[in-house]
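Visitor: Just passing along the structure, written as structure tokens.
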Amino acid sequence: MVKTTNRTAIFFIRLITSTFVNGYTILTLYFKLMSIKDLYILGIESSCDDTSAAIIYNGKVLSNVVAGQKIHEAYGGVVPELASRAHQQNIVPVVHQALKGANINKNQLSAIAFTNGPGLMGSLLVGTSFAKSMALSLDIPLIAVNHMQAHILAHFIEEENQSVPPFPFICLTISGGHTQLVKVTNYFEFEILGETTDDAVGEAFDKTAKILGLPYPGGPLVDQYAKLGNPKAFSFTKPKVGDLEFSFSGLKTGILYFIQKNIKENPQFIEENLPDICASVQRTIVEILMEKIHNAVKQTGITHIAIAGGVSANSEIRKILKATEQLHGWNTYIPNFEYTTDNAAMIGIVGYLKYLQNSFSDQSISARARLGIEE
Ligand code: KG4
Ligand code: ZN
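In the numbering used here, the protein residues as written are 23 to 397.
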């Protein structure tokens with residue numbers, strides 16, 4: 023009893039003296055902690071054809087506004103000049119709506135995070151210039167965000183019923199521009215285990231859709247039709263590449279030749295078999311992706327597996343990956359649907375994580391069309 027009282031007294035004496043000695047430091051820390059209590063980050067995304075703005079409050083999403091660009095549908099792919107023009111038209115109303123949706127005003131913002139790469143230069147420039155000017159006018163920090171890191175770190179958005187992957191984990195990042203198996207050892211430590219040697223998986227979906235006469239982006243439509251079809255109706259040759267590498271250009275050509283050959287025999291072939299074609303193509307792609315994940319687990323021994331990027335919205339990959347929890351005892355991390363395709367909430371969460379690490383950019387920062395995930 024006496025011992026405990028003595029220890030408590032010594033603790034308080036030390037605390038009081040250190041408060042006087044280091045009064046300034048303690049006060050500064052106190053105010054920093056107080057201000058960290060109320061961190062509002064505006065995230066801005068404009069790397070491709072979606073203009074998006076989000077408000078993140080202490081790791082939680084208050085608003086996430088995405089303005090897509092219908093204009094590209096007719097062209098079967100993104101037209102860069104049209105994309106940057108649309109970003110210019112959209113960015114002010116989208117940011118305004120994000121602030122309104124979060125019920126805050128711009129003077130409450132703690133920092134502005136924006137995508138500075140990789141992506142289309144014209145598109146990136148719109149978000150970059152806007153973020154720099156707004157941060158300058160509000161006199162708040164600016165945070166540059168790597169788009170591919172953001173797809174992965176979207177898993178750290180705080181949400182109910184959503185578990186966060188522990189380090190290290192493996193993330194299969196699948197989007198319209200990338201296909202990578204990444205080992206994530208910390209928030210900003212990434213190692214590419216393998217990637218595509220040619221097309222990205224999203225392109226394989228979009229090009230299949232184009233061959234089938236479906237509008238851009240075709241991935242979600244292939245997914246929808248596949249639900250109505252037989253995945254074993256047709257088979258396609260899988261690429262032969264390294265254990266952790268991907269290749270989709272051969273598959274795309276294979277699908278094109280298959281369709282051309284069948285249309286010669288029956289001009290109604292697509293109309294009569296659309297769900298079966300979509301289901302068979304999707305099955306082939308998902309089998310390829312799953313095979314690579316298995317190889318990565320075998321090589322690394324890591325069984326915490328996440329998926330990220332636009333193609334992680336695909337219902338089949340989500341279902342098959344989830345099933346590995348029962349089948350192989352893996353832990354899987356599947357992002358909420360709204361954080362799969364391009365969005366600013368994922369940019370905002372990286373902004374939040376970087377803010378906590380005091381990792382800011384200055385006004386000399388520029389957009390970078392090519393930017394590796396480790397950068
Ligand atoms: O991440 P994202 O929005 O943009 C890039 O960073 O590239 O990914 C877009 C890609 C497109 O190729 C789109 O067709 C594909 O994601 N995608 C899908 C699905 N939803 C989007 N692919 C297959 N199934 C889906 N449900
Ligand atoms: Zn993306």
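Built from N, CA and C at the ideal position, the CB exists for glycine as well.
Quick caveat: nothing in here was measured; it's all calculated off a predicted structure.
#1: Report the three-state DSSP secondary structure of Cys70 (helix, strand or coil).
#2: Among Gly90, Ser69, Ile134 and Ser151, which has the Cα closest to the Cα of Ile78?
#3: Please confirm whether any heavy atom of the ligand ZN lies closer than 6 Å to the CB of Ser197.
#4: Indicate the three-state DSSP secondary structure (helix, strand or coil) for Phe258 in the structure shown.
#5: Based on Cα-Cα distance, which residue from Phe227, Ile179 and Glu182 lies nearest to Tyr431?
#6: Would you mind working out which of Lys286, Leu296, Ile342 and Ile299 sits nearest Ile310, comparing C-alpha positions?
#7: Output needed for Phe268: all residues of its chain with C-beta closer than 6 Å, excluding positions within five of it in sequence on either side, in chain order.
#8: Which same chain residues, not among the five before or five after Ile126, have their C-beta less than 7 Å away from its C-beta?
#9: Just verifying my parser: in three-state terms, what is the DSSP assignment at Val117?
#10: Taking 6 Å as the cut-off, does the CB of Asp245 come closer than this to any heavy atom belonging to the ligand KG4?
#11: Specify the secondary structure class of Ser85 as computed by DSSP and reduced to three states.
#12: Along the chain, which unbroken stretches of the beta strand (DSSP E) at least 3 residues long are found entirely within the segment 298-358?
#13: Considering just the uninterrupted stretch of the alpha helix (DSSP H) at Gly59, what are its terminal residues?
#14: For Gly351, which residues from the same chain have a beta carbon less than 8 Å from its beta carbon, with the 5 sequence-adjacent residues on both sides left out?
#15: Leaving out the 5 sequence neighbours to the left and right, which residues in its chain are closer than 7 Å to Ser383 when beta-carbon positions are compared?
#16: Got a sec: does the ligand ZN put a non-hydrogen atom nearer than 6 Å to the Cβ of Asp364?
#17: Report the three-state DSSP secondary structure of Leu250 (helix, strand or coil).
#18: On the criterion of 16 or more Cβ atoms from any shown chain inside 10 Å, does Asn129 qualify as buried, or is it exposed?
#19: Should Ala318 and Leu215 be called a contact, given that it needs their Cβ atoms to be closer than 7 Å?
#20: What is the C-beta distance between Val333 and Ser197, in whole angstroms, given that I count them as a contact (C-beta under 8 Å)?
#21: I believe Ile179 touches Val83 by the beta-carbon criterion, under 8 Å. Please report the beta-carbon distance rounded to the nearest angstrom.
#22: Could you tell me if Leu174 is buried or exposed, where buried requires 16 or more neighbouring beta carbons within 10 angstroms of its beta carbon?
#23: Counting along the chain, where does the beta strand (DSSP E) carrying Glu217 start and finish?
Guide: According to the structure shown:
#1: coil
#2: Ile134
#3: yes
#4: coil
#5: Because the chain in this structure spans residues 23 to 397, residue 431 falls outside the shown range and cannot be described.
#6: Ile342
#7: Thr201 and Thr218
#8: Tyr62 and Ile77
#9: helix
#10: yes
#11: strand
#12: 326-330 and 353-355
#13: The amino acid at residue 59 is misidentified as Gly; the sequence shows Lys. Lys59 -> no alpha helix (DSSP H), and no H or E assigned at all.
#14: Thr325
#15: Leu164, Ile165 and Ala166
#16: For the ligand ZN, a non-hydrogen atom lies closer than 6 Å to the CB of Asp364.
#17: coil
#18: Sixteen is the threshold: since fewer than 16 other Cβ atoms of the shown chains lie within 10 Å of the Cβ of Asn129, the residue is exposed.
#19: Yes, Cβ-Cβ distance for Ala318 and Leu215 is below 7 Å.
#20: About 6 Å separates the two Cβ atoms, so the contact holds.
#21: 6 Å
#22: Reading off the sequence, residue 174 comes out as Ile, not Leu. By the neighbour-count definition (other C-beta atoms within 10 Å, threshold 16), Ile174 is a buried residue.
#23: Glu211 to Glu217
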